[in-house]
Each structure stands twice: as structure tokens, then as C-alpha cells.
Amino acid sequence: EGYCLGTAQMFVWGGGGLQFILGNLYKRGLLSTLVPNDPRCKEDPGKIGAKLHEKILGAEMTRRTFTNCCNIMKRHDFYGKWMKWRKAKGIEAQLSLNTKKKE
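Heads up: the sequence shown at position 38 corresponds to 107 in the numbering used here, and the numbers run straight through without jumps.
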């Protein structure tokens, strides 16, 4: 359970840092061109500039962290462990993953 919950913390902390990286890449007009395993990660930093290269690497590293975290959470039933934790704390365990409003 600790492993699964620790993974959730990685997900949250990575998401906080990613906002700054993606915001900077967006301002430069580069966000829409990023792809998984972006080839610019392998380029010589001198070609695109060391600071930009660092931001692209940061975005790719965080994307990989998210992918790994999601896979770990699925594999170790994060949702089930979260519901068990909520029940133990007396928190209502009902949570809808459906975001559509009911009429």
C-alpha cells in the first residue's frame, strides 16, 4: 500500500513542476510539437540552446514519470487501496469517476 500511495505522491509532485515547464514551452510555441520520446531530447544542447534543451528533457522525464505512475497505480489497484483508506478514516467511500452531470 505504501508503494502505491508513494506513486501517487510522485504523480502529484511531478504535475506541479510540469506546469512551469509546459508554460514556458507553450510561450515559445513548442508545446504543440512535443511528442513522446521527442527527438530533440537527443540533440546536441548547443543546437537548440542548453536552457531549452533542459526544458524539453524535463517535459519528457515528467511524461515518463506520469506514464510509469499510472501503470503502477493500475497494476496495484490504487483506486481500491484509496477506497480502503477512506473507509478506515470514516470518509464516505463513494466516488464517481463519471464527470457528467446527472439530470
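Yeah, the Cβ is synthetic: ideal placement off N, Cα and C, and Gly gets one too.
query                                                                                               : result
Exposure label - residue 156; buried when at least 16 CB within 10 Å                                : exposed
Burial state of residue 125 (16 or more Cβ within 10 Å)                                             : buried
Close beta carbons around residue 108, own chain, < 8 Å, minus the five adjacent residues each side : none
Residue interval of the alpha helix (DSSP H) (run including residue 140)                            : 119 to 144
Secondary structure of residue 162, DSSP reduced to three states                                    : Unreliable placement is indicated for residue 162, whose pLDDT of 49 sits below 50; no coordinate value is reported for it.
Proximity of residue 92 and residue 134 at Cβ, strictly below 7 Å                                   : no
Through-space distance from residue 141 to residue 87, alpha-carbon basis                           : 20 Å
Inter-residue Cα distance where the pair is residue 103 and residue 116                             : 17 Å
Reference residue 97, options 79, 75, 118, 112, closest by Cα                                       : 118
Range covered by the alpha helix (DSSP H) that runs through residue 156                             : 147 to 157
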